[in-house]
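A.B. asks:
Here it is in structure tokens:
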């Protein structure tokens, strides 16, 4: 996404350390399937980002790795 997509005071909350979604046409094989990050949170100036963590479950039971996020209203 372009850097100038939002106003200056808005923030992106993202943890890019773990992929969130994979292609699901075939069983997951690490290093073979297409994977990407799809969950990014656009946070307004009146919210504080406390935590954003992806859980690397290696796509064990789905084509998705969950994201945990904690925000606080100001």
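Residue numbers (the working numbering): 6 to 79. C-beta: ideal position from N, C-alpha, C; glycine also. Computed from a prediction, not measured in an experiment: that's the story for all the values here.
1) Can you list, in chain order, the residues of its chain whose CB lies under 6 Å from that of residue 40, leaving out five sequence neighbours each side?
2) Below 9 Å between beta carbons: does that hold for residue 47 and residue 17?
3) Would you report the Cα separation of residue 4 and residue 32, rounded to the nearest angstrom?
4) Going by beta carbon distance, what residues of the same chain come within less than 6 Å of residue 56, once the five residues before and after it are set aside?
5) Could you compute how far the alpha carbon of residue 54 sits from the alpha carbon of residue 20?
6) By Cβ distance below 7 Å, which residues in the same chain neighbour residue 49 in space, the five residues on each side in sequence not counted?
C.D. replies: Considering the structure as presented:
1) In chain order, 24, 27 place their CB closer than 6 Å to the CB of residue 40, counting only its own chain and leaving out the 5 sequence neighbours on each side.
2) yes
3) One cannot answer for residue 4 here, as it falls past the ends of the chain, which runs 6 to 79.
4) 75
5) 12 Å
6) 15
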